[in-house]
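Read left to right, the sequence shown gives residues 1 to 394 (our numbering).
Shown next, in structure tokens, is the structure this report addresses.
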Amino acid sequence: MNSRERMRIAMEKKQPDRVPVMCQLSLGHYFLNTPFGPVEIWHDTEAFAQALVMLQRRYGFDGILVNLPGRDPDWRKYIVRTEERDGETIIHWKNGLFTVAPPDDNPHVYIEDDVRYFPDFHEVDPDKLFYMEPHDISAITYPYSWGFSGEPAPVGGEDFFPPWECDTIKRVRELTGCEVSVHAEFFSPFSQFMEMLDYTNGLMALLDDEGKCHAMLERFAEGAATLGRIQARAGADALLISSAFTGAGLISREHYEQFEVPYLQKVIRGIRTEFPDIPIYVHTCGAIGDRLDLMEQTGVDGIDTFDPPPLGTVELADAIKILDKRVFIKGNLDPVNTVLEGTPEDVMAAARERIEIAGPGGAYILSTACSVAPAAPPENVERLREAVEQFGRY
């Protein structure tokens with residue numbers, strides 16, 4: 001059984017030959033542990049694809065998460081100059097914006113020092129929205145345009161997305177063949193909403209004009225479903241909906257039911273019109289122990305992270321009781337206190353504990369809860385493959 005088959009069976013809530021292992025790596029971890037660096041990985045399709053495959057092979061993961069969109073192959077022509085400042089790379093673009101690329105964290109685009117662009121909630125027209133990609137190389141724009149060309153994207157439909165949108169998915173598939181499970185990521189309607197307005201402003205908007213928030217989420221759901229179908233056509237084996245900002249640290253259970261559930265349901269229904277069997281799962285950080293039942297009601301096949309205390313509120317045994325293998329579980333290994341700050345022996349012990357709790361019967365993927373931190377020791381991450389080989393065989 002190869003990695004792709006093993007992951008597929010686990011995501012079908014069945015039992016493969018062993019527990020699969022697959023972690024989402026922070027982009028900073030790629031920056032620090034591959035030869036490409038932050039500027040190339042963030043801006044260049046080929047560099048990111050190579051970095052993804054390089055660390056998948058090093059760590060023996062059964063899957064790869066493609067968590068950046070493909071890039072404009074002509075992105076370099078928009079650069080005026082680059083400079084190094086205090087250990088960071090600064091890229092100056094022809095339109096006057098500049099990107100600050102730290103060595104171990106996501107680059108950000110600025111209009112002036114310490115000032116990033118976010119549209120004001122009151123100026124946004126929901127009818128002009130479709131999808132908001134916070135990881136585009138030009139960051140947030142409104143009305144939306146891709147990259148630094150300045151050309152507005154047509155609102156609605158597949159033509160909204162640029163021709164290079166899925167190039168990384170296709171390239172990773174070329175590099176791995178049929179052996180590895182390739183997953184694509186897109187943002188949930190609520191994440192798009194929060195990223196577009198900036199987080200404090202987004203939360204305030206929920207109180208200021210509930211009706212307009214729903215109208216915006218409705219449009220973002222349509223765009224997300226469209227992108228999910230495009231990614232599936234490009235060869236993704238599974239789709240991850242990134243919805244980091246819907247844990248109890250940000251919104252209540254009641255708000256989750258109001259502003260998250262119906263729009264995830266719409267996204268999933270929209271994808272399943274064309275791809276009824278593709279596994280779809282959701283990534284939500286932090287305190288989700290009080291809403292696992294609502295997460296299941298969205299129609300997802302799986303849930304990702306399950307942050308344990310003190311990072312979150314999920315005890316894995318409790319989650320197993322609540323979900324009863326109706327959705328697959330991915331995560332629960334503490335990425336900070338165990339993988340970042342612990343020893344290889346700590347990682348092996350924690351992995352074994354999670355395999356023993358969630359492994360029986362299948363439907364479990366061993367993973368860190370949230371992303372592997374930039375500075376996490378590679379030798380700690382390598383222990384996860386050893387753990388599933390030693391303790392995860394059925």
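Just so it is clear, CB atoms sit at the ideal spot from N, CA and C, and this is done for glycine as well.
DSSP places Ser188 outside both helix and strand once states are collapsed to three, so it counts as coil. Distance from the Cα of Gly156 is smallest, within the candidate group Gly96, Phe31, Leu227, for Leu227. In this structure, the beta-carbon distance from Thr298 to Cys285 does not fall below 8 Å. The region 62-70 makes contact with the region 177-185: 3 or more CB pairs, one atom from each, lie closer than 8 Å. Ser3 carries a helical assignment under DSSP once its states are collapsed to helix, strand and coil.
The distance from the Cβ of Asp290 to that of Met11 is about 25 Å, inconsistent with a contact at the 8 Å cut-off. With contacts defined as CB atoms closer than 8 Å, Arg393 and Arg4 fail to qualify as a contacting pair. DSSP assignment within the region 91-178 yields the following whole alpha helix (DSSP H) runs of 4 residues or more, N-terminal first: 167-176. As the crow flies, the alpha-carbon of Gly96 is around 40 Å from that of Arg58. Non-local C-beta neighbours of Gly312 in its own chain, meaning closer than 8 Å and more than five positions away in sequence, comprise Gly247, Cys285, Gly286, Ala287, Ile288, Gly289, Thr305, Phe306, Ala369, ordered along the chain.
Rounded to whole angstroms, Tyr142 and Ser149 show a C-alpha spacing of 14 Å. Counting along the chain, Gly63 sits inside the beta strand (DSSP E) bounded by residues 63-66. By a beta-carbon distance limit of 8 Å, Phe36 contacts Ala51. Their separation comes to about 5 Å.
Comparing C-alpha distances from Asp125 to each of Lys212, Arg171, Ser145 shows the shortest one belongs to Lys212. Per DSSP, reduced to three states, the secondary structure at Phe36 is coil, with no helix or strand assignment.
If you draw a 10 Å sphere on the C-beta of Glu222, you find 16 or more other C-beta atoms in it, and that means buried.
In this structure, Pro38 sits near Pro107, with a CB-CB distance shorter than 8 Å.
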